[in-house]
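Numbering (the working numbering), first residue to last: 65 to 375.
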């Protein structure tokens with residue numbers, strides 16, 4: 065019987081350039097295996113067709129992955145015109161064709177402007193959303209169609225990068241929960257044709273951008289040359305996911321209270337009730353996430369919300 069490789073505690077965030085053809089979970093498990101990390105997760109699924117920014121969380125960082133899930137995203141995508149595919153992307157089967165539209169740059173820019181702002185979007189059947197415990201894409205593969213509730217999304221930027229007789233290439237900045245495949249189909253319809261995503265690359269997730277990424281190939285090179293401990297140098301601190309939040313430096317007494325599940329009085333009047341705050345020990349060590357609460361009419365207290373593990 066083959067023995068399992070021992071895993072150890074690894075805490076931090078790795079900004080991966082997810083390769084084409086890999087699911088987000090497969091990429092996560094590969095990096096987790098390289099690091100020999102006990103616990104890992106990611107902050108937002110990327111389809112196998114897509115590449116780009118995929119923040120991976122290990123150890124304590126998994127407790128704060130939700131902040132990555134809620135972040136705005138940015139993509140570069142190529143929309144192929146004249147065909148509709150059942151998955152909305154290049155991996156699917158052709159289900160309908162249409163004549164190519166008579167495009168001009170002015171016409172394209174007008175439609176991009178019309179799509180900007182807040183709107184409702186119906187998620188696609190080929191998605192990881194669940195219905196009665198089963199993923200929608202599994203039902204879609206069985207030939208089933210389930211009614212989906214529309215979601216409120218916000219498209220803050222739609223920038224035309226390139227275009228031709230049968231394609232558009234655009235850059236999209238959007239809120240969480242936006243399906244670029246659906247946007248591609250809707251945009252093609254608005255231009256008088258059908259369309260699907262020929263390619264998709266996530267170029268930003270929250271504050272994290274392409275120039276911060278490390279590839280699987282680079283990680284494997286480090287692993288082969290120096291082993292998994294050397295890979296930990298590619299990790300960012302756990303609190304990287306929370307840099308957009310205010311911070312608070314605790315004294316020893318406050319640190320003890322919060323790390324033992326208790327609240328502590330604070331004097332910082334600049335913090336608002338209900339605000340999430342990064343907490344640091346007197347040694348400037350990140351210890352977790354706190355929430356400001358009212359202790360009385362004149363005083364505030366910090367309550368532990370999500371704390372890092374000790375030891």
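Here a beta-carbon is modelled for each residue, glycine too, at the ideal position from N, C-alpha and C. As the structure is a prediction and not an experimental result, all values here were calculated from the model.
Contact check, residue i vs residue j, beta carbons under 8 Å
| i | j | result |
| --- | --- | --- |
| residue 345 | residue 124 | no |
| residue 224 | residue 172 | yes |
| residue 34 | residue 204 | As displayed, the chain neither begins before 65 nor continues past 375, which places residue 34 out of reach and without an answer. |
| residue 247 | residue 167 | no |
| residue 77 | residue 121 | yes |
| residue 227 | residue 98 | no |
| residue 300 | residue 79 | yes |
| residue 366 | residue 312 | yes |
| residue 339 | residue 368 | no |
| residue 148 | residue 160 | yes |
| residue 305 | residue 197 | no |
| residue 280 | residue 298 | no |
| residue 119 | residue 218 | no |
Burial state of residue i, where buried means 16 or more other Cβ atoms lie within 10 Å
| i | result |
| --- | --- |
| residue 294 | exposed |
| residue 116 | buried |
| residue 174 | exposed |
| residue 337 | exposed |
| residue 275 | exposed |
| residue 81 | buried |
| residue 96 | buried |
| residue 341 | buried |
| residue 303 | buried |
| residue 90 | exposed |
| residue 206 | exposed |
| residue 361 | exposed |
| residue 180 | exposed |
| residue 244 | buried |
| residue 106 | buried |
| residue 65 | Annotation note: pLDDT 42 at residue 65 (below 50); position unreliable, coordinate value reported separately. Looking at its Cβ environment, which holds fewer than 16 other Cβ atoms inside 10 Å, residue 65 is exposed. |
| residue 209 | exposed |
| residue 163 | exposed |
| residue 285 | exposed |
| residue 249 | buried |
| residue 178 | exposed |
| residue 137 | buried |
| residue 194 | exposed |
Three-way DSSP call (helix, strand, coil) for residue i in this model
| i | result |
| --- | --- |
| residue 246 | helix |
| residue 227 | strand |
| residue 74 | coil |
| residue 172 | helix |
| residue 263 | strand |
| residue 88 | helix |
| residue 66 | Residue placement at residue 66 is poorly supported in this model, since its pLDDT is 44, which falls under 50; the coordinates still yield a value, given next. Residue 66 falls in the coil class under three-state DSSP. |
| residue 143 | strand |
| residue 82 | strand |
| residue 320 | helix |
| residue 359 | coil |
| residue 96 | helix |
| residue 190 | coil |
| residue 371 | strand |
| residue 284 | helix |
| residue 103 | coil |
| residue 113 | coil |
| residue 289 | helix |
| residue 349 | coil |
| residue 177 | helix |
Rounded distance between the beta-carbons of residue j and residue i, thought under 8 Å
| i | j | result |
| --- | --- | --- |
| residue 356 | residue 364 | 6 Å |
| residue 261 | residue 152 | 6 Å |
| residue 94 | residue 71 | Not really, about 14 Å apart at Cβ, beyond 8 Å. |
| residue 129 | residue 270 | Their Cβ separation, rounded to whole angstroms, is 12 Å, which puts residue 129 and residue 270 out of contact at 8 Å. |
| residue 165 | residue 257 | 4 Å |
| residue 252 | residue 145 | 6 Å |
Heavy atom of the ligand GDP within 7 Å of residue i beta-carbon
| i | result |
| --- | --- |
| residue 171 | Ligands displayed in this structure: none; no statement on the ligand GDP is therefore possible. |
Neighbour flag for residue i against chain D, beta carbons, 8 Å
| i | result |
| --- | --- |
| residue 100 | Any reference to chain D falls outside this structure, which holds one protein chain only. |
The stretch 350-357 in contact with the stretch 313-324 per 3-pair CB rule at 8 Å: When C-beta atoms of the stretch 350-357 are compared with those of the stretch 313-324, three or more pairs fall below 8 Å, so the two segments count as touching.
Is the stretch 262-269 close to the stretch 103-120, with three or more CB pairs under 8 Å? Cβ pair count under 8 Å is three or more, so yes.
If we count Cβ pairs, one from each stretch, closer than 8 Å, do we get three or more for the stretch 179-191 versus the stretch 206-226? Taking a cut-off of 8 Å for Cβ pairs, the stretch 179-191 and the stretch 206-226 touch, as three or more such pairs fall below it.
If you pair each beta-carbon of the stretch 325-337 with each one of the stretch 288-302, do three or more pairs fall below 8 Å? Judged by Cβ distances under 8 Å, the stretch 325-337 makes no contact with the stretch 288-302, as fewer than three pairs qualify.
Counting pairs of Cβ atoms below 8 Å between the stretch 230-244 and the stretch 134-142, do you hit three or more? Inter-segment contact for the stretch 230-244 and the stretch 134-142 is present: three or more beta-carbon pairs are separated by less than 8 Å.
Would you call the stretch 75-89 in contact with the stretch 236-253, where contact means no fewer than 3 C-beta pairs closer than 8 Å? The stretch 75-89 vs the stretch 236-253: no contact.
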